[in-house]
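If you're matching positions, the sequence shown starts at 7 in my numbering and goes up one per residue. Ideal Cβ positions, reconstructed from N, Cα and C, are used throughout, including at glycine.
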Amino acid sequence: MTHKIRTVDLRSDTVTQPTPAMREAMLEAALGDDVFGDDPSVNALQDKLATMLGFEAALFVPTGTQSNLCAILAHCQRGDEYIVGQFAHCYRWEGGGAAVFGSVQPQPLNHQLDGTLALEDIEAAIKPDDPHFAKTRLLALENTLGGKLLPLTYLQQASALATRHGLGRHLDGARLFNAAVVQAQQQLIDLQSFQERVVQEARCIAQCFDSVSVCLSKGLGAPVGSVLCGSADLIGKARRIRKMAGGGMRQAGVLAAAGSFALDHHLARLADDHLLAVRLADGLADLPGVLVESPQSNMVFVDLQGTAKARASDLLPYLAANGVLATGLYRLRFVTHLDVDEDGVDHAVAVLRKFFVA
Ligand SMILES: *Cc1c(COP(=O)(O)O)cnc(C)c1O
């Protein structure tokens, strides 16, 4: 007799399956050739997000990685540099693409505990115009960063600093709407629908930047795709780079339709993922040697100490054997999303407790 273990996949919010309603929207999408600019579903998605975030133009791209690459290469020339955090995706997790494909060097800075880059550190890293140095051209921030929300006042200050020094400003907002949901929940006024407040907060964040990349394939629940927003001029450059990178996807409307559906229906529900992250963190809070960082959005990070740490290498295989998938490259990470529910989180908590208490 086979006994089916339930699997709870907490590796990433990229693992969600399109819902039946999203698949319906994909099936019905009107299609054209996006390289000629005439895929109506791609154009509708681009217009929708550009309008939501207050930009002139937007570009649908296959991945967040390509979106960041197009942005950095649109802002910078060969021999320029971008200031970026040590743990930012567009420095650490993209294979060095900006350097490899664009001859643009990163200037990584250490993060503060809250995920920000200290304004003094940014200022000190901006190079004088001198032939010894690369030309500092761009400040690239990320929000949320490792599940943390960068304060809006910080974004405004960093943005003003960059502008004062003539730098471009890029936001890797792969999880911009997770940040917007947290900010929207902090507002006391309740005059609009929650969805409208989320969009308003997303726009407030986005308007601190010249370009913003948003992943549709993460918490928003679309199968594939990201969108880069910016001025018509910047997006024109990015479109050329996307073509060079092999990202002109022809009848991409079948994917863009999923993205538009996600923007219409999956923004406000990100709040549910955040509640599930808190439920998971609470369930682990009292375990000895298990330090749980209290989650701000949909990610729970866990550090192990003492005897718990000594058993760390057994943990992920044990979890997987008991139907709980997680990642642990730097720290243990659990991500909640559309395809996880309370029962799934409770199952993960029970399996983790059994490992550490046994
Ligand atoms: C996932 C992610 C990306 C890259 O997206 P892909 O579609 O996986 O290439 C970029 N930035 C951040 C912050 C991400 O989390």
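- In terms of CA proximity to Thr-122, Gln-162 leads the group Ser-109, Gln-162 and Glu-100.
- The secondary-structure analysis by DSSP pairs Ser-217 across a beta bridge with His-176.
- As DSSP reads the structure, Leu-115 sits in a beta bridge with Gly-91.
- Minimum Cα-Cα distance from Arg-246 among the listed residues Ile-78, Asp-19 and His-272 corresponds to Ile-78.
- Residue burial annotation: Ile-195 is exposed, with fewer than 16 other C-beta atoms found within 10 angstroms of its C-beta.
- Here Ser-303 is buried, its C-beta having at least 16 other C-beta atoms within 10 Å.
- Taking one beta carbon from each stretch, the region 287–303 and the region 320–327 have fewer than 3 pairs nearer than 8 Å; the two do not touch.
- Residue burial is scored here from C-beta neighbours: Asp-45 has at least 16 other C-beta atoms within 10 angstroms and is therefore classed as buried.
- Put simply, the backbone Cα of Phe-340 is about 7 Å away from that of Phe-307.
- The way I'd put it, the region 236–246 doesn't touch the region 348–357; fewer than three beta-carbon pairs between them come closer than 8 Å.
- The nearest non-hydrogen atom of ligand 1 is less than 8 Å from the C-beta of Lys-224.
- Short note on Arg-17: C-beta not closer than 8 Å to any heavy atom of ligand 1.
- Taking 3 residues as the minimum length, the beta strand (DSSP E) runs contained wholly in the region 125–174 are 141–148, in order along the chain.
- Contact between the region 326–338 and the region 267–275 is absent, with fewer than three C-beta pairs closer than 8 Å.
- Taking Asn-74 as the centre and dropping the five residues before and after it, the same chain places the C-beta of Cys-96, Asp-178 and Ser-219 closer than 6 Å to its C-beta, in chain order.
- Annotated three-state conformation of Ala-326 is helix, per DSSP.
- The DSSP-derived three-state label of Gly-252 is coil.
- With fewer than three CB-CB distances shorter than 8 Å, the region 260–267 does not count as touching the region 281–290.
- Per DSSP, the beta bridge partners of Phe-307 are Arg-339.
- Cys-235: not part of any alpha helix (DSSP H); member of the beta strand (DSSP E) spanning 232–236, first to last residue.
- For a cut-off of 8 Å, the C-beta gap from Leu-155 to Ala-185 is around 5 Å, short enough to register as a contact.
- Closer than 8 Å to some heavy atom of ligand 1: that describes the Cβ of Asn-74.
- Relative to ligand 1, the nearest heavy atom lies less than 8 Å away from the CB of Thr-69.
- According to DSSP, residue pairing for Leu-331 in a beta bridge involves Asp-15.
- Nearest C-alpha to Asp-40 among Val-351, Thr-333, Lys-249 and Gln-311: Lys-249.
- Scanning the region 17–47 from its first residue to its last, the whole alpha helix (DSSP H) runs of 4-plus residues come out as 26–33.
- Relative to Phe-267, the option among Leu-226, Leu-344, Gln-189 and Phe-42 whose CA is nearest is Leu-226.
- With fewer than 16 other Cβ atoms from the protein chains shown falling within 10 Å of its own Cβ, Leu-119 counts as exposed.
- Relative to ligand 1, the beta carbon of Thr-22 is positioned no closer than 8 Å to any heavy atom.
- The C-beta separation of Cys-235 from Ser-217 comes to about 7 Å, placing the pair in contact by the 8 Å criterion.
- Non-local beta-carbon contacts of Pro-68 in its own chain, meaning distances under 7 Å to residues more than five positions away in sequence, involve Val-230, Gly-231, Gly-253 and Met-255 in chain order.
- Distances from the CA of Ala-228 to each of Met-28, Ala-63, Ala-332 and Asp-349 were compared; the closest alpha carbon is that of Met-28.
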